[in-house]
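Novice:
Chains as they are written, first to last, in the numbering used here: chain A, 1 to 126; chain B, 127 to 252.
1) Label residue 51/A either buried or exposed according to how many other C-beta atoms from any shown protein chain fall within 10 Å of its C-beta, with 16 as the threshold for buried.
2) Mind listing the chain A neighbours of residue 127/B? Cutoff is C-beta to C-beta under 7 Å, in chain order.
3) Any C-beta of chain B within less than 9 Å: which residues of the stretch 6-36 of chain A qualify?
4) Sort 167/B, 233/B and 175/B by Cα distance to residue 5/A and report the nearest one.
5) Applying the 10 Å Cβ sphere with the 16-neighbour rule, what's the burial state of residue 29/A?
6) Going by DSSP, name the residue or residues bridged to residue 102/A.
7) Suppose contacts are defined by Cβ-Cβ distances below 8 Å. Is residue 144/B in contact with residue 159/B by that definition?
8) Residues bridged to residue 57/A by DSSP?
9) If the cut is a Cβ gap below 9 Å, which residues of chain B does residue 76/A touch?
10) Between residue 47/A and chain B, is any beta-carbon pair separated by less than 8 Å?
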């Protein structure tokens, strides 16, 4: 049996993936996988996703080097959401924050998460 | 400014919500909210969702009593996913497991999460 066989893929052939840091247990991000991304993630132990905006397979960290080593892959009771436990290199968010969920509602969205790197340096044009 | 104003609602008017237990930091489930569910969640400090299968507003725990007291509401960098930190009563999953992500891939999906209650007792017909 393959890892993608029991999964309830959505109408686009995708499944949402919650990504959690293995040691801190912080929730880092949510991304989407197609079957190819899931199989590649399992085989390489490195998180791959499917980019909905670019419509292509995406190795997390391919530009920044901020890759995610996979420690565990969980499925939910409905077979329609994955939880990935990873070792996150440097930070998960392209804004430079450790987690993409760096804002909290306090009568408005307020930055509460920690900033780890300067995104203009990491993603600068050549 | 209202809590729903900046959110990128999908084509169904929904946003995915990752639900995390506040003390253990365990990821419990993923559900969906519409604007009404989000506003009600903020006002009552108790998690409400929108059921995609039943197409109606849903107070989490309305049958089981396993409600979720909200401790924090976070938004991600793209404004299209919410992270809810909650105090979970008893368990999150209708199967009786603490978390909906109770299975882990080990050459097949294997139950690794803890079971907390007997679902046939909690959801029995009157």
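The beta carbon of each residue, even a glycine, is placed where N, CA and C say it ideally should be.
What you are looking at is a predicted structure, and each value in this text was computed from that prediction instead of being measured.
Specialist: In brief:
1) Counted from its first residue, the first chain places residue 51/A at position 51. It counts as exposed.
2) Indexing the second chain from 1 puts residue 127/B at position 1. Taking the beta carbon of residue 127/B as reference, the chain A residues within 7 Å of it are 108, listed in sequence order.
3) Going along the stretch 6-36 of chain A in chain order, one finds 6, 16, 18, 20, 24, 25, 26, 27, 29 and 30 with a Cβ nearer than 9 Å to chain B.
4) Counted from its first residue, the first chain places residue 5/A at position 5. Considering only alpha carbons, the answer is 233/B.
5) Here residue 29/A corresponds to residue number 29 of the first chain, with the count starting at 1. Looking at its Cβ environment, which holds 16 or more other Cβ atoms inside 10 Å, residue 29/A is buried.
6) In the first chain, the residue the question calls residue 102/A occupies position 102. Residue 102/A has no beta-bridge partner at all, per DSSP.
7) Numbered from 1 along the second chain, position 18 holds the residue referred to as residue 144/B. Numbered from 1 along the second chain, position 33 holds the residue referred to as residue 159/B. Contact: no.
8) Taking the first chain and counting its residues from 1, the one referred to as residue 57/A is at position 57. For residue 57/A, which the question treats as bridged, DSSP gives the partners 50/A.
9) As a first step, residue 76/A must be located in the first chain, where it is residue number 76. Those within 9 Å of residue 76/A in chain B are 155, 156, 219, 225, 226, 227, 228 and 229.
10) In the first chain, counting from the first residue as 1, residue 47/A sits at position 47. Residue 47/A does not count as touching chain B.
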